[in-house]
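Going by full-length UniProt numbering, the sequence shown runs without a break in its numbering and finishes at 101.
Every residue, glycine too, gets a C-beta built ideally from N, C-alpha and C.
Below: the structure, in structure tokens.
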Amino acid sequence: MDADEDVTLKDGAAVAKKMKEEDNKALKRASESQAEKAAKKQKLDEEVEELKKHLQIVPNNKDDVYTEATPLARKVPIVDYEIYIENNKPYYKIIRANRSP
1 MDADEDVTLK DGAAVAKKMK EEDNKALKRA SESQAEKAAK KQKLDEEVEE LKKHLQIVPN
61 NKDDVYTEAT PLARKVPIVD YEIYIENNKP YYKIIRANRS P
């Protein structure tokens, strides 16, 4: 019985050592991911600050004229539509709020 117990203790020690190594690997991965998250957040914060610098409005003191920027994409609400048939196929004619087709 002493031989069986000795083998069991050796196996138990090997299993415990393996479990400890796996725990260390998991902790290392967790700490790496936290460091990566912190670095990514810092990089994003720097990019945001850079963009804020570019987006500041600078008044022109020579004249008090400001130009109003128009958006590049403008959505006109759809008011109504008509269905018409051409060559036995239904087509939709969209009528917008400004009455343009």
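- Contact between E82 and K89 fails: their C-beta atoms lie close to 15 angstroms from each other, not under 8 angstroms.
- Looking at the backbone, the Cα of E46 and that of K17 are separated by about 43 angstroms.
- Separation of D23 and K53 (C-alpha to C-alpha, rounded to the nearest whole angstrom) is 45 angstroms.
- Taken atom to atom, the span from the alpha-carbon of I85 to that of I95 is near 16 angstroms.
- Counting only the Cα atoms, V48 lies some 10 angstroms from K41.
- Beta-bridge pairing by DSSP links E86 to K89.
- DSSP assignment within the segment 9 to 35 yields no whole alpha helix (DSSP H) run of 4 residues or more.
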